[in-house]
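What follows is one structure encoded as structure tokens, with my remarks underneath.
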Amino acid sequence: MPVDQVVDETGATQWQRSPGGLVTALHPVLASHQGTWVGWAGGTGEAPEPFELDGIKLHPVPLSDSELERYYEGQSNATIWPLYHDAVEQPQFRRSWREAYRVVNARFADAASDVAAEGATVWIQDYQLQLVPAMLRERRPDLRIGFFLHIPFPPIELFMQMPLRAEVLRGLLGAELVGFQQKLAAQNFVRLSRHLLGLRYEGNTIDVNGRKVKAGAFPISIDVAEIERLAATDAVQARAKQIRAELGDPEKIILGVDRLDYTKGIELRLKAYRELLADGKLEAPGTVMVQVATPSRERIGHYQNLRIRVEREVGRINGEYGLVGQPAVHYLHQSYSRTELVALYCAADVMMVTPFRDGMNLVAKEYVAARTGAGGGALVLSEFAGAASELRQAFLCNPHDLDGVKDALLRAVNVDRTEANRRMRIMQRHLRAHDVSRWARTFLSELGVPAEETP
Ligand code: GDG
Numbered sequence: 030m031p032v033d034q035v036v037d038e039t040g041a042t043q044w045q046r047s048p049g050g051l052v053t054a055l056h057p058v059l060a061s062h063q064g065t066w067v068g069w070a071g072g073t074g075e076a077p078e079p080f081e082l083d084g085i086k087l088h089p090v091p092l093s094d095s096e097l098e099r100y101y102e103g104q105s106n107a108t109i110w111p112l113y114h115d116a117v118e119q120p121q122f123r124r125s126w127r128e129a130y131r132v133v134n135a136r137f138a139d140a141a142s143d144v145a146a147e148g149a150t151v152w153i154q155d156y157q158l159q160l161v162p163a164m165l166r167e168r169r170p171d172l173r174i175g176f177f178l179h180i181p182f183p184p185i186e187l188f189m190q191m192p193l194r195a196e197v198l199r200g201l202l203g204a205e206l207v208g209f210q211q212k213l214a215a216q217n218f219v220r221l222s223r224h225l226l227g228l229r230y231e232g233n234t235i236d237v238n239g240r241k242v243k244a245g246a247f248p249i250s251i252d253v254a255e256i257e258r259l260a261a262t263d264a265v266q267a268r269a270k271q272i273r274a275e276l277g278d279p280e281k282i283i284l285g286v287d288r289l290d291y292t293k294g295i296e297l298r299l300k301a302y303r304e305l306l307a308d309g310k311l312e313a314p315g316t317v318m319v320q321v322a323t324p325s326r327e328r329i330g331h332y333q334n335l336r337i338r339v340e341r342e343v344g345r346i347n348g349e350y351g352l353v354g355q356p357a358v359h360y361l362h363q364s365y366s367r368t369e370l371v372a373l374y375c376a377a378d379v380m381m382v383t384p385f386r387d388g389m390n391l392v393a394k395e396y397v398a399a400r401t402g403a404g405g406g407a408l409v410l411s412e413f414a415g416a417a418s419e420l421r422q423a424f425l426c427n428p429h430d431l432d433g434v435k436d437a438l439l440r441a442v443n444v445d446r447t448e449a450n451r452r453m454r455i456m457q458r459h460l461r462a463h464d465v466s467r468w469a470r471t472f473l474s475e476l477g478v479p480a481e482e483t484p
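If you want our numbering, it's the position in the sequence shown, counting the first as 1, plus 29.
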């Protein structure tokens, strides 16, 4: 759920809305239509009672300790997440995880079925809930059901590895509209329906025993106006200057901001930087790298191994190229406020976004939006991030080709200001016309929601 629990001055626990594009986009629609957000509130054991916050109703669904382990960390994040990201890490398959996935998906379907009014629209989000569309349709045939997948949808050969494959596909086909970040993902899905279930399709419309299911690409975006506004505040500008000063006023700051996830190519980006230092093409402390790696899914083995590898690489770079009081890489395994992130975007000359596979990647879009005022700035972007289809003026690279990444980084570091501004302006114009409200509006109207009821 888009809320965090905070303790106020009196020591009482309160709910607070957490920032984020999805909630910003959906909040107005939910608030004006007595909408309910059904979700997991975090934590295990009994769920909090339903409550209202800022005009929207929140309906928490509980998870037990063992479901957290089997459904969330297991089936969602150790089976589906790696499988859907090109198996960058080996997906793990366990029967007990699958069962927990079914049980929890059914619980979400029950909850949605309980709160939805007659003929209501239900929009289900992401890979943790792929069985819900069909489960909900069975319970409530009167509802209008949409589904959006935030992560990639894999090619047939990979999807076919999953023991739960037919159930997941039938689950998704319970929706009237299944949305993806990319056209290719929608095509994978449509072809898979024929391959696995023998269903016929025309264009992107699948015939499920006489019922039409549409698939389509709806690239998600950010709240551009909010980032632009934040970046323009005196506080953020002052903080950006201060960050530069604290880093020793280097000529160039290279930034990475990611959840510490093996899909994001953090280790690769550090290697590219190290080799450029070794080649003498970059030098520290004239150039400094800052890597924010927000803690994520810390109980899962893949993530624990990644942390060890990344931290070893950071230690190696600083050992070889740092000076007393002047590390070559500042590595921050911490979470930051939104304002601090935007200040970092404003302070950075080069942003590196180098995932091996990423549904979209909002950090790339946030960096571009944050550069509106200050000018300059260069984005190094992996061709395997969904964002690469839109941000064509970035320094694009193939993350599987280390020399290519080094080359893109070097070009970004050395780009002149006029060229940097030209590239940024084109991307900024694109983002302003394609913000997260437009994403939500486009999806909902394709689902058949009347225009006056969309954001
Ligand atoms: C999934 C898909 C798709 C990061 N660290 C902090 C923080 N963040 C914020 C960023 C950005 C968001 O988290 C991360 O979004 P991404 O898109 O980069 O990546 P995923 O988390 O993997 O998201 C992805 C996305 O869903 C949306 O559909 O784009 O492909 O994998 O907004 O700014 N925010 C704060 N502190 C941090 O330390 N406040």
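Glycine included, every Cβ here is placed at the ideal spot set by N, Cα and C.
In this text, all values refer to a predicted model and were calculated from it rather than measured experimentally.
Quiz item: Which value, in whole angstroms, describes the spacing of the CA atoms of L178 and I109?
Solution: As a first step, residue 178 must be located in the sequence shown, where it is residue number 149. As a first step, residue 109 must be located in the sequence shown, where it is residue number 80. Using only the alpha carbons, I get a separation of about 12 angstroms.
Practice problem: Using the Cα positions of R328 and L158, report the straight-line distance between them to the nearest angstrom. | Solution: Taking the first residue of the sequence shown as 1, we reach residue 328 at position 299. Taking the first residue of the sequence shown as 1, we reach residue 158 at position 129. Rounded to the nearest angstrom, the two C-alpha atoms are 21 angstroms apart.
Exercise. Would you list the one or two residues that DSSP bridges to R240?
Key: By one-based count along the sequence shown, residue 240 stands at place 211. According to DSSP, R240 shares a beta bridge with V237.
Self-check item: Three or more C-beta pairs below 8 angstroms linking the stretch 279-293 and the stretch 371-385
Solution: They touch, by the three-pair rule.
Quiz prompt | Alpha-carbon spacing of A377 relative to A399, whole angstroms | solution = Indexing the sequence shown from 1 puts residue 377 at position 348. Indexing the sequence shown from 1 puts residue 399 at position 370. Cα to Cα, the separation comes out at about 10 angstroms.
Quiz item: Which whole-angstrom value describes the C-beta separation of G415 and M389, a residue pair presumed to lie in contact below a C-beta threshold of 8 angstroms?
Solution: Position 386 of the sequence shown, counting from 1, holds the residue named residue 415. Position 360 of the sequence shown, counting from 1, holds the residue named residue 389. Indeed they touch by this definition, with Cβ atoms about 4 angstroms apart.
Quiz item: Within 10 angstroms of its Cβ, does E275 collect 16 or more other Cβ (buried), or is it exposed?
Solution: Within the sequence shown, numbered from 1, the residue matching residue 275 stands at position 246. Residue environment: E275 is assigned as exposed (fewer than 16 neighbouring CB atoms within 10 Å of its CB, all protein chains considered).
Quiz item: Shorter than 9 angstroms from the beta carbon of E395 to some beta carbon of chain B?
Solution: Reference to chain B is not applicable here, since this structure consists of a single protein chain.
Quiz item: So does A54 have its beta carbon nearer than 8 angstroms to some heavy atom of the ligand GDG?
Solution: Counting from one through the sequence shown, the residue named residue 54 turns up at place 25. It does not: the Cβ of A54 is nowhere closer than 8 angstroms to a heavy atom of the ligand GDG.
Quiz item: Taking one C-beta from the stretch 436-449 and one from the stretch 472-484 each time, how about it: are there three or more such pairs within less than 8 angstroms?
Solution: With the cut-off at 8 angstroms, the stretch 436-449 and the stretch 472-484 do not touch.
Quiz prompt | Complete runs of the beta strand (DSSP E) confined to the stretch 433-466 [at least 3 residues] | solution = Entirely contained in the stretch 433-466, not one beta strand (DSSP E) run reaches 3 residues.
Quiz item: Using a threshold of 8 angstroms, is the CB atom of I153 nearer than that to any non-hydrogen atom of the ligand GDG?
Solution: By 1-based counting over the sequence shown, the position of residue 153 is 124. Of the heavy atoms belonging to the ligand GDG, none sits nearer than 8 angstroms to the Cβ of I153.
Quiz item: Helix, strand or coil: how does DSSP classify T292 here?
Solution: The count along the sequence shown starts at 1 and reaches residue 292 at position 263. Of the three classes helix, strand and coil, the one that applies to T292 here is coil, per DSSP.
Quiz prompt | Nearest candidate by alpha-carbon position, reference Q34, set V392, I153, S61, L82 | solution = Taking the sequence shown and counting its residues from 1, the one referred to as residue 34 is at position 5. The candidate whose alpha carbon is nearest that of Q34 is L82.
Exercise. Determine the DSSP secondary structure at A208, reduced to helix, strand or coil.
Key: Position 179 of the sequence shown, counted from the first residue, corresponds to residue 208. The sequence as given places Gly at residue 208; Ala does not occur at that position. DSSP, read as helix, strand or coil, puts G208 in strand.
Quiz item: Any heavy atom of the ligand GDG closer than 8 angstroms to the Cβ of P415?
Solution: Translated into the one-based positions of the sequence shown, residue 415 becomes position 386. Per the sequence shown, the amino acid found at residue 415 is Gly instead of Pro. Yes.
Exercise. From the DSSP output, read off the bridge partner residues of D33.
Key: Stepping through the sequence shown from its first residue, residue 33 is reached at position 4. Partner(s): Q45.
Quiz item: Can the beta-carbon of F137 be found closer than 9 angstroms to that of V117?
Solution: Counted from its first residue, the sequence shown places residue 137 at position 108. Counted from its first residue, the sequence shown places residue 117 at position 88. Not a contact, by the Cβ cut-off of 9 angstroms.
Quiz item: When every heavy atom of the ligand GDG is checked, does at least one fall within less than 8 angstroms of the C-beta of V286?
Solution: For the purposes of this step, residue 286 is identified with residue 257 of the sequence shown, where counting begins at 1. V286 Cβ: within cutoff of the ligand GDG.
Quiz item: In chain order, what residues of the same chain lie with their CB nearer than 7 angstroms to the CB of R123, ignoring the 5 residues before and after it?
Solution: Residue 123 sits at position 94 when you count from the first residue of the sequence shown. Around R123, the same chain offers G103 as residues with beta carbons nearer than 7 angstroms, after the five sequence neighbours per side are excluded.
Self-check item: Extent of the continuous beta strand (DSSP E) run through Q154
Solution: Here residue 154 corresponds to residue number 125 of the sequence shown, with the count starting at 1. Annotation: the continuous beta strand (DSSP E) that includes Q154 extends over 150-154.
Practice problem: Spell out the partners DSSP gives K300 in its beta bridges. | Solution: The sequence position of residue 300 within the sequence shown is 271, counting from 1. Looking at the DSSP assignment, K300 forms no beta bridge with any residue, so it has no partner.
Quiz item: How do the stretch 84-104 and the stretch 176-192 stand: do at least 3 beta-carbon pairs fall below 8 angstroms, yes or no?
Solution: Judged by pairs of C-beta atoms under 8 angstroms, the stretch 84-104 does not touch the stretch 176-192, as fewer than three such pairs exist.
Exercise. Kindly confirm or deny that the stretch 168-177 and the stretch 74-93 touch, where touching means at least three C-beta pairs closer than 8 angstroms.
Key: Contact between the stretch 168-177 and the stretch 74-93 is absent, because fewer than three Cβ pairs lie under 8 angstroms.
Exercise. Sort out for me which residues DSSP pairs T323 with in a bridge.
Key: In the sequence shown, the residue the question calls residue 323 occupies position 294. Paired residues: R288.
Exercise. Let me know the alpha helix (DSSP H) ranges lying completely inside the stretch 70-113, each 4 residues or longer, listed in chain order.
Key: Whole alpha helix (DSSP H) segments, 4+ residues: 110-113.
Quiz item: What are the boundary residues of the alpha helix (DSSP H) that R386 is part of?
Solution: By one-based count along the sequence shown, residue 386 stands at place 357. Element bounds for R386: n/a, residue is neither H nor E.
Practice problem: Identify whether E231 lies in helix, strand or coil by the three-state DSSP scheme. | Solution: On the sequence shown, residue 231 is found 202 positions in, with the first residue counted as 1. Note: E231 maps to strand in three-state DSSP.
Quiz item: Would you say Y332 and L289 are within 9 angstroms of each other, going by their C-beta atoms?
Solution: As a working note, residue 332 is residue 303 in the sequence shown. As a working note, residue 289 is residue 260 in the sequence shown. Closer than 9 angstroms, so yes.
Self-check item: With 16 other Cβ atoms within 10 Å as the buried cut-off, status of L361
Solution: As a first step, residue 361 is located in the sequence shown; it is residue number 332 there, counting from the start. Label assigned to L361: exposed.
Quiz item: Cβ-heavy atom distance between N390 and the ligand GDG below 8 angstroms?
Solution: Within the sequence shown, the letter at position 361 stands for residue 390. Yes; taking the cut-off as 8 angstroms, the Cβ of N390 has a heavy atom of the ligand GDG nearer than that.
Quiz item: Hey, would you say the C-beta of T42 is under 8 angstroms away from at least one heavy atom of the ligand GDG?
Solution: Within the sequence shown, numbered from 1, the residue matching residue 42 stands at position 13. False, no ligand heavy atom lies under 8 angstroms from that Cβ.
Quiz item: Any contact of the stretch 211-228 with the stretch 195-202, i.e. 3+ C-beta pairs under 8 angstroms?
Solution: Yes: the two stretches touch, three or more of their Cβ pairs being nearer than 8 angstroms.
Practice problem: Compute the beta-carbon to beta-carbon distance between E482 and H62, rounded to the nearest angstrom, for a pair I have assumed lies under 8 angstroms. | Solution: The residue given as residue 482 occupies position 453 in the sequence shown. The residue given as residue 62 occupies position 33 in the sequence shown. Contact between E482 and H62 is confirmed by a C-beta separation of about 6 angstroms, below the 8 angstroms threshold.
Exercise. State the Cα-Cα distance for the pair P479 and A269, rounded to the nearest angstrom.
Key: Sequence index remark: in the sequence shown, residue 479 carries index 450 (1-based). Sequence index remark: in the sequence shown, residue 269 carries index 240 (1-based). Rounded to the nearest angstrom, the two C-alpha atoms are 43 angstroms apart.
Exercise. Could you check if I337 is buried or exposed, using at least 16 other CB atoms within 10 Å of its CB as the buried criterion?
Key: Numbered from 1 along the sequence shown, position 308 holds the residue referred to as residue 337. Exposed, because fewer than 16 other Cβ atoms sit within 10 Å of the Cβ of I337.
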